[in-house]
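First to last, the sequence lines map onto chains A and B.
Just so we're aligned, residue -3 is where the first sequence starts under the working numbering, counting upward by one.
Just so we're aligned, residue 81 is where the second sequence starts under the working numbering, counting upward by one.
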Amino acid sequence: MLDFLSPSRCQPGTTTSPLRRALDGADLDVVTDLWLDGKVEIRGDLDLIDPLPGEELVRLMPRRGYLFTSDDPADVVARLREVGLLAYDATGALAGMAIEGEQLMRRLTDLDLDRLPAAGPLLSRVAAIVIRDEGERFRVYVPQELAHDVGMAVLDMARGLTLDVSETDVAKELA
Amino acid sequence: MQGYEGDTIGSALYAAGLRTFSRSFKYHRTRGLLCCTGQCPNCMMNVDGVPNVRVCVEPLREGAHVQEQNVWGKLDLDVLSVTDKVGGPFTPVGFYYRTMIRPRRLWPLYEKVLRNLAGLGRVDERGGHSRRYDVEHRRARVLVIGGGRAGRAAALAAATQGPGVVLVDESTRLHGVELAGVEVLAPARALGIWEGNLVPIDCETVLLRYRAERIVVATGALEQPVVFPGNDLVGVMLPSAVRRLVRDFSVRPGRRAVVVAADDPGLQAADDLREAGVAVPRVVDLRETPVRELEAQRRRGRVRALLVDGEEVECDLVVASAGRQPAYSLLAQAGARVEFDSALGVFVPTELPNGIEAAGAVTGEGLEKIDVRPEHEGRGKCFVCICEDVTTKDVKRAIAEGFDSIELAKRYTTVTMGPCQGKLCQLPSIRLYAQEVRAYESALGATTARPPWAPVELGLLAGRHFEPVRRTSLHFRHEEAGAQMQWAGPWKRPYAYSERPQDEVRAVHESLGVIDVSTLGKILVEGPEAAALLERLYPNRFADLRPGRIRYAVLTSDGGRIMDDGTVARLSEDLYYVTTTSTGADAVTAWFEWWNAVWGYGAEIVNVTGALTAVNLAGPRAREVLQRLTEDEVSDEELRYLDAKRIEVAGIPCLVLRIGFVGELGYELHFPSPAGEALWDRLVTEGARPFGLEPQRILRLEKGHVIVGQDTDSESNLLSAAMSWLPKLDKDDFVGKSAVEHFAEREERERLVGFTMEDGVVPAEGAQIVIEGYPAGRITSARRSEAVGAVIGLAWVPPERAEDGTRFEVRVDRRLVGGRVTSGPFFDPEGKRMRS
């Protein structure tokens, strides 16, 4: 019934990333678009979940969490509902990006980067889920409706760390 | 100006012969280098457009543009220094509270003059975001503030216990210094200590927000000025300034100096001066030779001589120190107690909170007792606070006026409220108070230490400008189509796609339009008790709603007022799909969660607003076009008015809600947001004309549909808003039920009605309705409708004027224009078109 939430149920070629315009033509490779990552919002007893390979459970509250999956999230939703959980495909709700660099992340969030995954503010104003992969690679998920502005800000901040300040979007806009 | 590597702007200017660096805040007296450590306000100048830069610690750089500030005229000839010569009687302490308030009509003029004269440096209004600021969040196991001997020792000791040790020092002396296992930040300034051991550190254009498990404060002690007439003159310095000029910059501070000090470090300045070739004809050790009369005499704003108990000593430099006071402010901000130590004559921190430690002179360790007179006799102004130009006379006058509490007096005299934040005036002012009110310093206590401990640029505190816009997945399609975008709560939405919104209205009436309604809140309520929860949240019924059906829903507050509206569709026995207003999604979700937690129903509430794009396909051709794009049956028999159904449109799974906010045959399609552009493009290709918010407002007004928040306010209830059919008072309970019952019993005060205007004038929203010369109501919405052929709208009027056809007048541009109450929808009153 709830498959109208699932981008994976759309005909191929009909979906686009909310970060597309922000990241298109970006001259830095510190940010990668992860919009196709499967995300499933779960309500219920999270201990009932036994993540499969390619899945990662992020607990936000005792009975609320997200399962990130490399499988079709609509199938994962069906599987979780079979074990008695309420699951919703949140792939379209959250934009995802991979960010390289701990210093850049420290400028984006005040979350303790040694205690991830966690949910918290990004750029002080945007609710985000942050996951640490290996080394200095992080995954950040934000509401898709804010993704464009977040993407632009992240890129500009990354440029600020690597380029001359006058090259940043902010500086150009002001000039 | 020229300088050497390692020079500051201040040292280079001093070496070049500049002695007057600034003018004082109130009297515009000449001021020169005093501390040379970035604590006092005397060397504040404008550097490269940034005001209030302490040039004594600002590194010299190629091409820097340095300019005086707070000066009318030249630094050496400031017109406003007239206030020093003649303004004294007119500008006593707190004068702005008493003078210039009469006659009242002149206050705007006074205010303008005062505002122009007040303040120090001026912010460059054209500067805008001329600098880029960022915030970086960091964590440390041990954060040591202060890089003196004690600070360095504490940092090194902590480093032996493990990594994560950071040392912060505000001077450049530790720049580039390596300490084993310690990250050294210099120059960098800790601005304060907040709850949770949060320490923001000013690191030029980056604000480092440190969270530390342990903080060691080793901020040392600050030399205190001696209070005597002329103690602010150019040429009066603290020993620290002499040390810096001589040792760090190889600059000779003067030709002939007198040293007056009360401790060994202060007296050592005499040795430094002699080494630099300065004659020191007199050294006064205040511990051995208590002096009664001390007066700096001046010539053109500079020291000419020092009078010591009647003996005049010619000099161009007076080095004066009353001893050292622990720099405890950060510890006080962290929650430490501050007490007067009678043995040392200074305030010291005690009872440090957990996780906070102190090391070195900040604890009082190694300090000599301060035992000099709170003020010395002599002629001329004797400053207790050089930042705010507060004299001993001012303090005494404040006490005489009854400000005998140190905290009140601080606010009245502004002592300690200037740029040094009490570093140089806290102790002298308290000692003077104690003398005048004949109390012990320990009884008076110290004033509250507040952040920032060190001056900081506002831009650094403000950080990066980031106001994220909520954009629907169709945002850029709207822009590409030439839509004028407007704010709608936190969203940007298209106002209209052309100069004539009426054309878009006509397209919806005559053919087909499509509007992006993704901003509507969308909430899933699921669980065995979902029906019970909604039944109790809303005034109308939802338990009896059949799966696949939709019902209009208005949410009431517990005061019975209208909060939000939308629709509720039952998708299955245990699953409801709720829509809210565009601005209401978050609040309604929180409201649902709150009550669900209170009542403990077995229902989950999931806000899926962002997950879904929603478009409303509306117009007589809506069914025909929709049917072309789907293999599912969308005939009136299979998809009736107020039906909800899962269908596939152009290969995209959709929840279709057959509803009619704009009054025409309409289908709201809700589908995965990433597919927004694809489906929108297909609908437009099929002939649907995009329409914006403005055409939608006209269309809904033609139907008399209310917009919550536009036509209602925080006082509106269902009965007065002409929705008395909605609340089911026979239900056991719902939020706001008792209030709605109360509204039903009491006399109605106003009623929401439709109206038409008599002569085609469109009144402004909010325009006043006038009946018999008195204000009696207000317009909430008004538009010209081509379909109706009149100006139509909604308005609140007294109940006795709510009858169909009742005439009233509306104030429009200072004249009264007639209007008439019109009950029912203006267009297609029977709703045949949307049900067709």
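Cβ coordinates follow ideal geometry from the N, Cα and C atoms, glycine included.
9 Å Cβ cut-off: residues of chain B touching residue i
| i | result |
| --- | --- |
| S13 of chain A | P754 |
| T105 of chain A | H217 |
Residues that residue i contacts on chain A, provided the C-beta gap is smaller than 7 Å
| i | result |
| --- | --- |
| I630 of chain B | Per Cβ cutoff of 7 Å: no residues; I630 of chain B is ~15 Å from chain A at best. |
| E684 of chain B | R39 and L82 |
| V549 of chain B | D145 |
| S652 of chain B | M(-3) |
| E606 of chain B | L82 |
| L655 of chain B | M(-3) |
| R289 of chain B | D106 |
Alpha-carbon to alpha-carbon, residue j and residue i
| i | j | result |
| --- | --- | --- |
| E191 of chain B | Q140 of chain A | 49 Å |
| D813 of chain B | D145 of chain A | 44 Å |
| T252 of chain B | Q99 of chain A | 24 Å |
| I630 of chain B | M(-3) of chain A | 16 Å |
| R178 of chain B | L507 of chain B | 28 Å |
| G593 of chain B | E774 of chain B | 13 Å |
| E560 of chain B | A768 of chain B | 16 Å |
| V605 of chain B | R738 of chain B | 20 Å |
| V714 of chain B | A623 of chain B | 26 Å |
| R831 of chain B | P879 of chain B | 6 Å |
| L170 of chain A | I859 of chain B | Low per-residue confidence applies at L170 of chain A: pLDDT is 49, beneath 50, and the placement is therefore not dependable enough to give any value. |
| E138 of chain B | G86 of chain B | 10 Å |
| L114 of chain B | R380 of chain B | 18 Å |
| E827 of chain B | D884 of chain B | 20 Å |
| V161 of chain A | H217 of chain B | Any reading at V161 of chain A must be qualified, since the residue scores a pLDDT of 44, below 50, and its modelled position is unreliable; no value is offered. |
| Y137 of chain A | D204 of chain B | 39 Å |
Test item: CB-CB of residue i and residue j under 8 Å
| i | j | result |
| --- | --- | --- |
| R641 of chain B | S800 of chain B | no |
| A665 of chain B | Y656 of chain B | no |
| A260 of chain B | N277 of chain B | no |
| V892 of chain B | P843 of chain B | yes |
| A568 of chain B | T527 of chain B | no |
| P319 of chain B | S401 of chain B | yes |
| A337 of chain B | V399 of chain B | yes |
Closer than 8 Å at the beta carbon, the chain A residues around residue i
| i | result |
| --- | --- |
| F546 of chain B | L119, S120, R121, D145 and A149 |
| A590 of chain B | Correcting the residue type first, residue 590 of chain B is Glu in the shown sequence and not Ala. Result: empty, since nearest Cβ-Cβ is about 30 Å, beyond 8 Å. |
| F556 of chain B | R17 |
Under 7 Å from the C-beta of residue i: neighbouring residues of chain B
| i | result |
| --- | --- |
| T10 of chain A | G731, I732, A755 and A758 |
| P3 of chain A | P752, P754 and A755 |
| D108 of chain A | R219 |
| A124 of chain A | Those within 7 Å of A124 of chain A in chain B number zero; the least Cβ separation is about 12 Å. |
Per-residue contacts from residue i into chain A (C-beta, under 9 Å)
| i | result |
| --- | --- |
| D214 of chain B | R103, M153, G156 and L157 |
| G221 of chain B | Checking the sequence shown, residue 221 of chain B turns out to be Arg, not Gly. In chain order: nothing, as chain A lies at least about 11 Å away. |
| T552 of chain B | E141 |
Simplified DSSP state of residue i, which is helix, strand or coil
| i | result |
| --- | --- |
| L170 of chain A | Residue placement at L170 of chain A is flagged as unreliable, the pLDDT there being 49, under the threshold of 50; a coordinate-derived value is accordingly withheld. |
| R829 of chain B | coil |
| I510 of chain B | helix |
| N676 of chain B | helix |
| A768 of chain B | coil |
| L635 of chain B | strand |
| A755 of chain B | helix |
| L98 of chain B | coil |
| S818 of chain B | helix |
| P855 of chain B | strand |
| H750 of chain B | strand |
| N620 of chain B | coil |
| Y656 of chain B | strand |
| L614 of chain B | helix |
| Y62 of chain A | strand |
Chain B residues whose Cβ lies nearer than 8 Å to that of residue i
| i | result |
| --- | --- |
| F0 of chain A | L692, R726, P733, C734, L735, H750, F751 and P752 |
Nearest-angstrom beta carbon gap, residue j and residue i [assumed within contact, 8 Å]
| i | j | result |
| --- | --- | --- |
| D451 of chain B | G415 of chain B | In fact, because the Cβ distance is near 30 Å, the residues do not count as touching under 8 Å. |
| C505 of chain B | Q119 of chain B | Contact doesn't hold; Cβ gap of about 11 Å is too wide. |
| M93 of chain A | L157 of chain A | Contact doesn't hold; Cβ gap of about 16 Å is too wide. |
| A115 of chain A | I125 of chain A | 5 Å |
Neighbouring residues, chain D, relative to residue i (Cβ below 7 Å)
| i | result |
| --- | --- |
| G21 of chain A | You won't find chain D in this structure, because its protein chains are A and B. |
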